[in-house]
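Numbering (the UniProt record's numbering), first residue to last: 1 to 59.
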């Protein structure tokens with residue numbers, strides 16, 4: 001017999017799979033997460049772009 005606590009992760013995984021099959025509806029938290037991700041990506045790209053000419057001049 002498999003212990004019940006060993007079966008717990010698989011049932012949680014199946015429940016999460018069942019949740020993903022439902023039609024996806026964005027909510028406020030999703031928009032906030034997307035906006036923060038976009039801001040971090042843009043800021044990182046700006047830092048790389050700003051440091052690029054100085055790196056080229058130093059070589």
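Ideal placement from N, C-alpha and C gives every residue a C-beta, glycine not left out.
Give the straight-line distance between the Cα atoms of residue 31 and residue 46, rounded to the nearest whole angstrom. 22 Å
Spatial distance of residue 28 from residue 36 (CA atoms): 12 Å
Cutting at 6 Å between CB atoms, please list the residues of its own chain near residue 49, excluding the five before and the five after it. none
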